[in-house]
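Step one of this worksheet: look at the structure below.
Numbering (our numbering), first residue to last: 1438 to 1662.
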């Protein structure tokens, strides 16, 4: 059978993220994107914009009266995203799942990145959007502008974002929020009783999405126009 031999990765993932963690994340993500330019392999993102509406439909929440308001809310958001999603931005290989538990630190230094299961070709700025959602909210789902600013500042020290990428950040961040909301919602509703893995609460991403709907400018996330 196919096998992979890998080096044991030193360190552990941060249970409480700090500004220094966010700076290291931004720098490392930019380096990965730069190195990815020479990678010839391609892989379509199976969980991008065109997959979200079928995913919502597969949750079948429109058939349950208690979920009808949620369905209508998400359906309206998908309408907005489909109308406003950018059509052409710098693209390449992205990690697509850079959550804190996939980034290891040792002695306060970033020691490695794991779990490339969802790695694919997509807008590079979409990777940033995923990180802002995953790293920049506290346990009460309150947004931390300083963390978002640190990610963006450290990233742009290595790779410059185009004006189009910066302008598209609010849309990409909303898209990232609904992507993880929908996958978590599906897992929550279709979780086998004997499964060992506990499904993650989709409602945390609903709160994030509602927060992002109140913003419209990249500067709201610390981006320098």
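Glycine is no exception: its CB is placed at the ideal position from the N, C-alpha and C atoms.
Distance between residue j and residue i (C-alpha atoms, nearest Å)
i            : j            : result
residue 1610 : residue 1604 : 11 Å
residue 1484 : residue 1521 : 17 Å
residue 1572 : residue 1613 : 13 Å
residue 1562 : residue 1606 : 7 Å
residue 1505 : residue 1477 : 44 Å
residue 1653 : residue 1443 : 43 Å
residue 1516 : residue 1491 : 13 Å
residue 1481 : residue 1617 : 17 Å
residue 1586 : residue 1493 : 32 Å
residue 1646 : residue 1631 : 31 Å
residue 1590 : residue 1460 : 8 Å
residue 1514 : residue 1627 : 23 Å
residue 1567 : residue 1533 : 7 Å
residue 1501 : residue 1489 : 19 Å
residue 1588 : residue 1495 : 34 Å
First through last residue of the alpha helix (DSSP H) which encompasses residue i
i            : result
residue 1608 : 1600–1626
residue 1512 : 1505–1521
residue 1564 : 1561–1572
residue 1468 : 1456–1472
residue 1641 : 1640–1649
residue 1484 : Neither: residue 1484 is in no alpha helix (DSSP H) and is coded neither H nor E.
residue 1593 : 1582–1593
Distance between beta carbons of residue j and residue i, contact taken as under 8 Å
i            : j            : result
residue 1463 : residue 1592 : 4 Å
residue 1595 : residue 1519 : No, residue 1595 and residue 1519 are not in contact; Cβ-Cβ is about 32 Å, not under 8 Å.
residue 1466 : residue 1565 : 7 Å
residue 1473 : residue 1548 : At roughly 20 Å, the Cβ-Cβ gap does not stay under 8 Å, so residue 1473 and residue 1548 are not in contact.
residue 1536 : residue 1580 : Wrong, their Cβ atoms sit about 17 Å apart, outside the cutoff.
Spatial neighbours of residue i in its chain, beta-carbon cut-off 6 Å, leaving aside the 5 residues before and after
i            : result
residue 1503 : none
residue 1624 : 1636
residue 1602 : 1526, 1562
residue 1621 : 1637, 1639
residue 1551 : 1539
Range of the contiguous beta strand (DSSP E) that encloses residue i
i            : result
residue 1546 : 1546–1550
residue 1543 : 1540–1543
residue 1528 : 1528–1531
Cβ neighbours of residue i in the same chain (closer than 8 Å, five flanking residues each side left out)
i            : result
residue 1644 : 1578
residue 1608 : 1518, 1521, 1522, 1523
Contact test: residue i Cβ vs the ligand HEM heavy atom, cutoff 7 Å
i            : result
residue 1483 : For the ligand HEM, the structure offers nothing, since it holds no ligand at all.
Own chain residues within Cβ distance below 7 Å of residue i, not counting five before or after
i            : result
residue 1598 : 1562
residue 1417 : Residue numbering for the chain in the displayed model covers 1438 to 1662; residue 1417 lies beyond these limits and cannot be assessed.
residue 1655 : 1603, 1604, 1606, 1607, 1662
residue 1458 : 1451, 1542
Margin query: Tell me whether the segment 1500–1513 and the segment 1530–1541 touch, counting them as touching only if at least three CB pairs, one residue from each stretch, are closer than 8 Å.
Written below: no
Next item on the list: May I ask you to verify whether the segment 1482–1500 touches the segment 1572–1583, counting CB pairs closer than 8 Å and requiring at least 3?
Entry: no
Check: Using 8 Å as the threshold, is the segment 1557–1569 in touch with the segment 1523–1532, meaning 3 or more CB pairs across them?
Finding: yes
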